[in-house]
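Residue numbers (our numbering): 666 to 767.
A short write-up of the structure that comes next.
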Amino acid sequence: MHMLRPIISFFSRLHRGAHLDPLRDWLAMLTLSAILLVGIVVWNIWAFDTVARGGVIGSSSTATSSVFNRSSLDAIQTIFADRAAEEAKYVTGVYRYTDPSR
666 MHMLRPIISF FSRLHRGAHL DPLRDWLAML TLSAILLVGI VVWNIWAFDT
716 VARGGVIGSS STATSSVFNR SSLDAIQTIF ADRAAEEAKY VTGVYRYTDP
766 SR
């Protein structure tokens, strides 16, 4: 209870309309902002260092399962092959591209 006494006192003074001290209020606000900024910077440095070393933030999965099945991969490869064949038709001159600006 000894640690909560200053906090309770602070809120009771605010409630009663105690004397306002702008300098104290600004210093408190800037101090809390500086502490928050330092905390954010330290967190970001820790997170970057963890990821840069190959670590995982949060719980890492122990078992990995196959996300894709073979038929989906084959369908994607077929689509890319069809696109490559269409591109080759433009390059070889089978299809002619007419520029509408000319």
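Ideal Cβ placement from N, Cα and C applies to all residues, glycine included.
Look at the alpha carbon of Asp686 and the alpha carbon of Gly704, and state the distance between them as a whole number of angstroms.
If you number the sequence shown from 1, residue 686 lands on position 21. If you number the sequence shown from 1, residue 704 lands on position 39. Each residue's alpha carbon lies about 27 angstroms from the other.
Along the chain, where does the alpha helix (DSSP H) containing Asp747 start, and where does it finish?
Taking the sequence shown and counting its residues from 1, one reaches residue 747 at position 82. Counting along the chain, the alpha helix (DSSP H) containing Asp747 begins and ends at 735-757.
Throw me the rounded Cβ distance for the Ile722 and Ala712 pair, which I believe falls under 8 angstroms.
What you label residue 722 is simply residue 57 of the sequence shown in a count that begins at 1. What you label residue 712 is simply residue 47 of the sequence shown in a count that begins at 1. The pair is a contact, with the Cβ atoms about 6 angstroms apart (cut-off 8 angstroms).
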